[in-house]
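Q:
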Amino acid sequence: MSPPSGRLAAPQRPPSADGGPADPGSGAGGGPSAAAAGSGAALASRLRAVHRAVGELRRGTPVLLRAPEGTLCLAAAETVGACGLGELAAAAAAPPLLLLAPSRAAAVLHRPIPQCGGGADAAAREPAGVVALRLPPALLAPEALRGLADPTAEALLPPEAGAPELVPAVPALSGAALALAKLARLLPALLAAPAAEGSAARLDLLSVPADWALGYPATAATSLVRVAEAAVPLEDAPDARIVAFRAADGGIEHLAIVVGRPEDRTPEAPAPLVRVHSECFTGDLLGSLRCDCGPQLRGAIRRMAAEGAGVLLYLAQEGRGIGLVNKLRAYRLQDTGLDTLDANRALGYAADERNFLVAATMLRALGLGRVRLLTNNPDKLAGLAACGIEVAGREAHRFEANGVNDRYLATKARRFGHLLA
1 MSPPSGRLAA
11 PQRPPSADGG
21 PADPGSGAGG
31 GPSAAAAGSG
41 AALASRLRAV
51 HRAVGELRRG
61 TPVLLRAPEG
71 TLCLAAAETV
81 GACGLGELAA
91 AAAAPPLLLL
101 APSRAAAVLH
111 RPIPQCGGGA
121 DAAAREPAGV
131 VALRLPPALL
141 APEALRGLAD
151 PTAEALLPPE
161 AGAPELVPAV
171 PALSGAALAL
181 AKLARLLPAL
191 LAAPAAEGSA
201 ARLDLLSVPA
211 DWALGYPATA
221 ATSLVRVAEA
231 AVPLEDAPDA
241 RIVAFRAADG
251 GIEHLAIVVG
261 RPEDRTPEAP
271 APLVRVHSEC
281 FTGDLLGSLR
291 CDCGPQLRGA
301 IRRMAAEGAG
311 VLLYLAQEGR
321 GIGLVNKLRA
331 YRLQDTGLDT
341 LDANRALGYA
351 ADERNFLVAA
361 TMLRALGLGR
371 VRLLTNNPDK
381 LAGLAACGIE
391 VAGREAHRFE
401 ANGVNDRYLA
411 TKARRFGHLL
421 A
């Protein structure tokens, strides 16, 4: 719950491992509960391990992904250099395979992959599975690997290097491996090899459990706490304040722009207006004409100011969760004729990689369990409801096409099901 008007909230303790708030002192003598302290420490340790693994992949350093069924040594195809390839070879018990999403593997092999599914829009929205390729030696080089991973960098592929070979049996943990690459905001393309015994200690490689990587989005979302708050009068909403949230791993912050006092509404009043808005550097800050994000952001704030209250959640989920760099790659692909959905899939991503549990956690922390959602996106309605937020109604949030984003808006309506009519 937000503090009374004019008072600042004290920083919150990290939540417990189950996502609830840490016990502030239920032990004898009013000291911290040992169980709560232990669970909070375990949660922070789990998040920190995944965050460190993500950082290693982004730096081009191999990491180990472990589970009872075995351990994989991984390196990101996008970032690995000669040194990283040497470390991977020293840690591996067998030559590495290249793990790709089926859509990207189909492009690399120039033929359909069974896991890609049919061509209907409904089926094509979400890629399924992982494909493993065996590479000829000429393709096990940094520039060639970048060309294999990135459809906008295929010019880096050496001519007459030989063709990759489809491997029928995908290694265990491959799904968790690609999930880790996505957490790093890297292209989902990884070199993977079974790790030799003792390689972690021998080479000082970071090791992380596979289930921690798979559970990271939910664990990080439920660990969000308020860390700062200040009044920030806006041109369109003078009575606004910004509340910053941070996860227990110390990652990128998410923000809530709070207009008025929406948490003070009586039960008889209409549910407060809420907009779940993913950050868009190009649209929100630069005024890009390729999307409608900037008008949606400013229009939502004006609408809330007119109502006297509302909350805009500004989430660090650029490009529907793929990050700014990959969004720019998707723009390059759109300039060759792909629409926004197919461009994401060509990069190896799903149509929408966002995690709406982040929004639900923030709303609960602000004391809002029942909202009217300002959106055209049915997935947001379903996503918040699935996370326990009561969506009392939907408010349309449409803006006219500008002559540049016409195809983009048409794709959102036709292929994402946005309610733009």
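The opening position of the sequence shown corresponds to residue 1 in full-length UniProt numbering, with each subsequent residue numbered one higher. Even glycine gets a Cβ: it sits at the ideal position worked out from N, Cα and C. Note that this is a predicted model, so its numbers are computed, not measured.
#1: I need the boundaries of the alpha helix (DSSP H) containing Ile-301, first residue and last residue.
#2: Once DSSP output is grouped into helix, strand and coil, what is the label at Gly-418?
#3: With distances taken from CA atoms, which of Val-131, Leu-166, Tyr-314 is nearest Arg-354?
#4: Measuring only the C-alpha atoms, how far is Trp-212 from Thr-361?
#5: Can you tell me where the beta strand (DSSP E) holding Leu-65 begins and where it ends?
#6: Buried or exposed: Asp-264, going by 16 or more other Cβ atoms within 10 Å of its Cβ?
#7: Quick check on this structure: which residue in Ala-94, Leu-166, Glu-143 has the alpha carbon closest to the alpha carbon of His-110?
#8: Could you round the C-beta distance between Leu-99 and Leu-135 to whole angstroms and report it? I think they count as a contact, below 8 Å.
#9: Along the chain, where does the alpha helix (DSSP H) containing Ala-360 start, and where does it finish?
#10: Rounded to the nearest angstrom, what separates residue 469 and Gly-319 at their Cα positions?
#11: Using 8 Å for Cβ pairs, my map puts Ala-271 next to Leu-366. What's the rounded Cβ distance?
#12: Within the same chain, show all residues whose beta-carbon is closer than 7 Å to that of Arg-398, passing over the 5 residues directly before and after it, in chain order.
#13: Which of the three DSSP states, helix, strand or coil, is assigned to Cys-280?
#14: What's the call for Val-225, buried or exposed, on a 16-neighbour Cβ count within 10 Å?
#15: Please go through the same chain and pick out, in chain order, the residues whose beta-carbon is closer than 7 Å to the beta-carbon of Arg-329, but skip the five residues on each side of it.
#16: Return yes when the Cβ of Ala-231 is within less than 8 Å of the Cβ of Asp-249, no when it is not.
#17: Where do the N-terminal and C-terminal ends of the beta strand (DSSP E) with Leu-285 fall, by residue?
#18: Does DSSP put Pro-142 in a helix, in a strand, or in coil?
#19: Helix, strand or coil, according to DSSP, for Arg-290 in the structure here?
#20: Which residues in the same chain as Tyr-408 place their Cβ atom closer than 7 Å to its Cβ, once the five residues preceding and following it in sequence are excluded?
#21: On the three-state DSSP scale, how would you describe Ala-90?
#22: I need the straight-line Cα distance from Glu-400 to Ala-316, nearest angstrom please.
#23: Given a cut-off of 8 Å on the beta-carbon distance, is the pair Val-311 and Val-208 in contact?
#24: Where does Leu-100 sit, in a helix, a strand or coil, going by DSSP?
#25: What is the residue span of the alpha helix (DSSP H) that Gly-319 lies within?
#26: When the Cα of Pro-159 is compared with those of Ala-228, Glu-143, Asp-342, Ile-113, which residue comes out closest?
A: Per the coordinate set shown:
#1: 293-307
#2: Here residue 418 turns out to be His, not Gly, going by the sequence shown. In this structure, His-418 counts as coil in the three-state DSSP scheme.
#3: Tyr-314
#4: 20 Å
#5: 63-67
#6: exposed
#7: Leu-166
#8: Rounded, the Cβ-Cβ distance is 11 Å, inconsistent with contact.
#9: 357-365
#10: The question about residue 469 has no answer here: the residues shown for the chain are numbered 1 through 421.
#11: 13 Å between Cβ atoms; not a contact.
#12: Asn-376, Leu-420
#13: coil
#14: buried
#15: Asp-150, Thr-152, Leu-347
#16: no
#17: Leu-285 -> no beta strand (DSSP E), and no H or E assigned at all.
#18: helix
#19: coil
#20: Arg-290, Cys-291, Thr-340
#21: helix
#22: 26 Å
#23: no
#24: strand
#25: 318-321
#26: Glu-143
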